[in-house]
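Participant: What follows is a structure written as structure tokens; I'll ask about it next.
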Amino acid sequence: MANFDYIVVGAGSAGAVLAGRLSEDPNRKVLLVEAGARRKPLNVRIPAAFASQFKTKIDWAVHTEPEPHLDGRIIYHPRAKLVGGCSAMNAMIYIRGNAEDYDGWAKDGATGWSYDEVLPLFKRSECNSRGASTFHGADGPLHIEDPRNPNPLDEALLEGMVATGLARNPDFNGASQEGVGYYQVTHRKGERWTTADGYVRPAAKRANFTILAGAHVLGVRVRDGRAVGIEVEQGGRRTFHRAEREVVLSAGAFNTPQLLMLAGIGPADHLREHGIDVVVDNPNVGQNLMDHPLYVANYETTAAGTLAEAESPVQLVKYLGGRRGLLTSNVGEVGGFFHTRPGLAAPDMQLISGPAYFWDNGFQTHDKPAYALGLSLVGSQSKGSVRLRSSDPKAQVRATFNYFAETADMDAMVNGIEMVRAIADSGGLGRVTTKELHPGPAARTRADAEAEIRRNVIHTYHPSCTARIGSEADGVVDPELRVHGVAGLRVADASVFPTIPHGNTHAPAVLVGEKAAEMIRAEG
Ligand SMILES: Cc1cc2nc3c(=O)[nH]c(=O)nc-3n(C[C@H](O)[C@H](O)[C@H](O)COP(=O)(O)OP(=O)(O)OC[C@H]3O[C@@H](n4cnc5c(N)ncnc54)[C@H](O)[C@@H]3O)c2cc1C
């Protein structure tokens, strides 16, 4: 089979960026392998349709084990299976996290990842419609813009937030993250913009770049302590592809640790249970799984023009005709960051709010106009794990998040519910709010609210940290993203975050792709 210098497994938020950037050097032969297809269906392009991708054939549809602190509920995690990865399925909010995240990573040993060191890479990746500034880039591959047709209800939502004491913030990725306002989104002229658009499409024109789509990577072959290539299944055929220099795993926080463990890199006892020969005994592989618990409060409203009207023929014509109207909405149009308690270095709660009913990952509908006030616990501390279900590479992993294992997480979430209730009642929002649907009137006391959270909390779709940067004692990769104990093997995706950033995780995953490319290219 053909040989390549670098093989990148997974064309998602990070992998597409890394492979694209590496291929800018004509002397490097790059292979990008992606289990999903290259086609970009209409419901990927239309921002407001993101949840319609869930549980379809472009979704890995990961399900957790019964969660110990959520009454044994099994939690569904959508994960995109297509070129672009979750950048083609996500809610498009562009947030980098808090400067404290990166400074904390660097302080704990992730040399090179401090905020001052990563800011130039965020800027390099970005083409922000507001133009270049201290905090933003204007000529990178990733289009970022303000919402094209903000919903009339957004101003009322923001009024409610401001009336409870939160300040307006025009740029959460600027000098301060704190406060509320409109989210910038990964759109170009009203349409979703993915890492496939920004990085793979230009790379595909280069002679030194090859993409294999619809190609499931079954395993990484390790010989004498070095990763030498990958086994792939595509269209029923199995092939081997050799990497002359490196294999990089960018398969996301569930599938990257799976591929590591299948290659014999992981907790020795667990690998032996599945009949896998141990190459490196590293108990940290698959550990430290983090996400942000999300509880979405919903309210009925008298306001007109909510997304309940988005599926009308009029809106489809508006969208198809000029990328205008309700379908350009990413649903979570406004929100921001606040502290649920004093003394924290960064705000621990993110509000994600929009002019739509959003419940059970969007699977439930409501027959009257409604809006959502989502609470994403970005300061969450609870950790879980990813383990193998079997040695079959096509089997789903066994994931447990342990949300609310830390009691402080539940206290913060209940405080958050008190906050959204105040918001719904305040300012211009109070005047158009008619009924609380969730948590609902039955959840009166803090104990009721807690029970309601355990029954209905989901997550913000941000699984991370399962192959974290750290020492051999507490991590899986070093700060240059090289897997401890194996040569020629790196990880570059949301798995490597040492801790989950305070905010959405697409931009940080893009950062990982950019930084990995920079570090690899610097090695010559
Ligand atoms: C519904 C949803 C909403 C979200 N909303 C936001 C948001 O608004 N803002 C934000 O910043 N973040 C959001 N996120 C999170 C963000 O999109 C992810 O954190 C980010 O995309 C993760 O990037 P990644 O590179 O780690 O993994 P991914 O983007 O998941 O990429 C992994 C890729 O690897 C491929 N792959 C996996 N296993 C194999 C294999 N064995 N062989 C070949 N290919 C394989 C997958 O198909 C996928 O394409 C959301 C995510 C989802 C799902």
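For the sequence shown, the residue numbers in my numbering are 1 to 524. The beta carbon of each residue, even a glycine, is placed where N, CA and C say it ideally should be.
Let me know the secondary structure DSSP gives A50 once reduced to three states.
Facilitator: One detail in the question is off: residue 50 reads as Phe in this sequence, not Ala. DSSP places F50 in helix when its eight states are reduced to three.
Participant: How close, in whole Å, do the beta carbons of D493 and A253 come, if the pair is a contact with beta carbons under 8 angstroms?
Facilitator: Right, their Cβ atoms sit about 7 angstroms apart.
Participant: Can you tell me whether Q287 is buried or exposed? The criterion is at least 16 other CB atoms within 10 Å of its CB, across all chains shown.
Facilitator: The residue in question, Q287, is buried, as its Cβ has 16 or more Cβ neighbours within 10 Å.
Participant: Just tell me which of M290, Y182, Q258, P26 has its CA closest to the CA of A395.
Facilitator: Looking at the Cα atoms, Q258 is the closest of the given residues.
Participant: Should Y183 and G416 be called a contact, given that it needs their Cβ atoms to be closer than 9 angstroms?
Facilitator: No, Cβ-Cβ distance for Y183 and G416 is not below 9 angstroms.
Participant: Once DSSP output is grouped into helix, strand and coil, what is the label at F254?
Facilitator: F254 falls in the helix class under three-state DSSP.
Participant: Within 8 angstroms, do at least three Cβ pairs link the region 5–13 to the region 502–514?
Facilitator: Yes: at least three Cβ pairs fall under 8 angstroms.
Participant: For G97, which residues of its own chain have a beta-carbon under 7 angstroms away from its beta-carbon, when the five flanking residues on both sides are left out?
Facilitator: Here the set comprises P501, H502, G503, P508.
Participant: Less than 8 angstroms between the CB of H462 and some heavy atom of ligand 1, yes or no?
Facilitator: For ligand 1, at least one heavy atom lies less than 8 angstroms from the Cβ of H462.
Participant: Have a look at R490 and E518 and give me their C-alpha separation to the nearest angstrom.
Facilitator: Roughly 13 angstroms separates the two Cα atoms.
Participant: Less than 8 angstroms between the CB of F338 and some heavy atom of ligand 1, yes or no?
Facilitator: Answer for F338: no, Cβ out of range of ligand 1.
Participant: At a threshold of 8 angstroms, does V477 count as lining ligand 1 (C-beta to nearest heavy atom)?
Facilitator: Not so, every heavy atom of ligand 1 lies at least 8 angstroms from the Cβ.
Participant: In chain order, what residues of the same chain have a beta carbon less than 7 angstroms from the beta carbon of L429, not counting five sequence neighbours either side?
Facilitator: Hits under 7 angstroms: A156, L157, E159, G160, I423.
Participant: Quick test of your reading: A215 and A49, contact by CB under 8 angstroms. State the CB separation rounded to the nearest angstrom.
Facilitator: In fact, because the Cβ distance is near 26 angstroms, the residues do not count as touching under 8 angstroms.
Participant: Whole angstroms is fine: what's the gap from P283's alpha carbon to N402's?
Facilitator: In a straight line, the C-alpha of P283 is about 18 angstroms away from that of N402.
Participant: Assign F363 to one of two classes, buried (16 or more other C-beta atoms within 10 Å of its C-beta) or exposed (fewer than that).
Facilitator: Result: exposed.
Participant: How long is the line joining the alpha carbons of D411 and E450, rounded to whole angstroms?
Facilitator: Spanning the two alpha carbons is a distance of roughly 8 angstroms.
Participant: Quick check on N504: does DSSP put it in helix, strand or coil?
Facilitator: Coil, per DSSP.
Participant: Just the Cα atoms here: how many angstroms apart are S176 and Y299?
Facilitator: One C-alpha to the other measures close to 30 angstroms.
Participant: Hey, how far is the Cα of A132 from the Cα of A138?
Facilitator: Looking at the two C-alpha atoms, the distance is approximately 5 angstroms.
Participant: My parser needs the beta strand (DSSP E) runs of 3 or more residues fully inside the region 385–472; what are they?
Facilitator: Listed in chain order, they are 385–387, 398–400, 433–438.
Participant: Among E472, S391, V477, which one has its Cα closest to the Cα of C465?
Facilitator: Cα-wise, what sits closest to C465 is V477.
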